[in-house]
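J.: If you're matching positions, the sequence shown starts at 203 in my numbering and goes up one per residue.
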Amino acid sequence: VPTEHTKGIVVTRTIFGNVLVGPTAEDQESRSDASTDENALSSLLASASEIIPALGSVPVTAVYAGLRPATERKHYRIKARPDRNWITVGGIRSTGLSSAFGIARHVFGLYSEHGEKLNPIVQPKIPNVPWLAENGPRDWKCKGHGEIVCHCELVTEREIRNALTEPLAAKSLSGLKRQTRATMGRCQGFYCSTRLAELTQDHFDAPLSIGDDHV
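(1) Tell me the DSSP secondary structure of leucine 299 in three-state form.
(2) Am I right that histidine 347 and glutamate 359 are in contact with their C-beta atoms under 8 Å? What's the rounded C-beta distance?
(3) Can you tell me whether cysteine 394 is buried or exposed? The criterion is at least 16 other CB atoms within 10 Å of its CB, across all chains shown.
(4) What three-state label does DSSP hand lysine 281 in the structure shown?
(5) Give the list of continuous beta strand (DSSP E) stretches no shorter than 3 residues that lie fully inside the region 308-362.
(6) Compare the C-alpha of arginine 419 against each of Arg283, Val265, Cys352 and Ser376 and name the closest.
(7) Just verifying my parser: in three-state terms, what is the DSSP assignment at leucine 269?
(8) Per DSSP, valine 427 is paired with what?
(9) Are the beta-carbon atoms of alanine 272 and arginine 307 separated by less than 8 Å?
(10) Which of helix, strand or coil does DSSP assign to glycine 258?
(11) Between the beta-carbon of isoleucine 350 and the beta-carbon of threonine 382, is there less than 8 Å?
(12) Let's test the definition: count the other Cβ atoms within 10 Å of the Cβ of lysine 379 and tell me whether it reaches 16, buried, or not, exposed.
(13) Does the distance from the CB of alanine 267 to the CB of alanine 236 come in under 8 Å?
(14) Going by Cα to Cα distance, which pick from Gln325, Ile323 and Gly210 is closest to leucine 299?
(15) Looking at the strands, I want to know which residues DSSP matches up with leucine 222.
(16) Counting pairs of beta carbons, one from the region 245-263 and one from the region 283-291, are three or more of them closer than 8 Å?
(17) Would you tell me roughly how many angstroms separate the C-alpha atoms of valine 213 and cysteine 389, rounded to the nearest one?
(18) Starting from the C-beta of serine 249, find all residues in its chain whose C-beta is less than 6 Å away, skip the five residues before and the five after it, and write them out in chain order.
(19) What would DSSP say about lysine 373, mapped onto helix, strand or coil?
(20) Could you please give the first and the last residue of the uninterrupted alpha helix (DSSP H) stretch that includes arginine 275?
(21) Could you please give the first and the last residue of the uninterrupted alpha helix (DSSP H) stretch that includes leucine 243?
(22) Please return the same chain residues whose Cβ sits closer than 6 Å to the Cβ of valine 223, not counting the five positions on each side in sequence.
(23) Whose CA, out of Met386, Ala282, Val324 and Phe392, lies closest to the CA of glycine 219?
Laid out in structure tokens, this is it:
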């Protein structure tokens, strides 16, 4: 249920099948602190259990937090500065989810008043981009994948090696996670980190392993 500070707790499923619960909204003065705390996590678990009781016994595998700029006032800060070729659109909190199109139309109006004349495309051709998850069968279902390195997310050795050698090769564990989802499952890399250290040796700018020493 939406409150004065947030649009409410949402339970949603990602395209990968994982379940997300959140968000919270905490005001703070720091512009760099994106840490999480036990109280917020407990509150989310309690709220999620009220919506779906079975979630109360499901372990949490990862938490995410981020920062967004806010203002001391509740209303939006939208102002045009034609002398600087600038339009400020700030102070947009949770209500931006439902007001995004209205804000966009308003900003377009401000630009039309002060900026160059625009000639919108009457019938734009929007390319149809297939969902990556539907682009083909998962590699673990195909022959010759080598081995399954990350059992939580079913990431294969072939997927790891491809991500390390392709033109936009992963140069860090973070990059490898984004390309393959390795270490993003229930164990958060507890079981596959050693094998990943072996496969990524000589590929990462900051290696996971050096000889027999693992860091």
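The C-beta atom is built at its ideal place from N, Cα and C for all residues, glycine as well.
Predicted, not measured: the structure shown is a model, and the values here were computed from it.
T.: The short version:
(1) Looking at leucine 299 - three-state DSSP - the assignment turns out to be helix.
(2) Their Cβ separation, rounded to whole angstroms, is 7 Å, which keeps histidine 347 and glutamate 359 in contact under 8 Å.
(3) Buried: at least 16 other Cβ atoms inside 10 Å.
(4) Strand, per DSSP.
(5) Listed in chain order, the complete beta strand (DSSP E) runs (minimum 3 residues) inside the region 308-362 are 350-352.
(6) Outside the shown range of the chain, which is 203 to 417, sits residue 419, and nothing can be said about it.
(7) Leucine 269 falls in the coil class under three-state DSSP.
(8) Because the chain in this structure spans residues 203 to 417, residue 427 falls outside the shown range and cannot be described.
(9) No, the pair does not count as a contact, with Cβ atoms beyond the cut-off.
(10) Helix, per DSSP.
(11) With contacts defined by Cβ atoms closer than 8 Å, isoleucine 350 and threonine 382 do not form a contacting pair.
(12) Answer is buried; the Cβ neighbour count reaches 16.
(13) Contact: yes.
(14) Measuring from the Cα of leucine 299, the nearest candidate turns out to be Gly210.
(15) Thr214, per the DSSP bridge assignment.
(16) The region 245-263 is not in contact with the region 283-291.
(17) Computed Cα separation, rounded: 21 Å.
(18) Cβ within range, chain order: Ile211.
(19) Residue state, collapsed to three classes: coil.
(20) Annotation: arginine 275 is outside any alpha helix (DSSP H) and is labelled neither H nor E by DSSP.
(21) It spans 240-253 - the alpha helix (DSSP H) in which leucine 243 sits, taken as one unbroken run.
(22) So the qualifying residues of the chain are Val213, Leu246 and Ala250.
(23) Minimum Cα distance to glycine 219 is reached at Met386.
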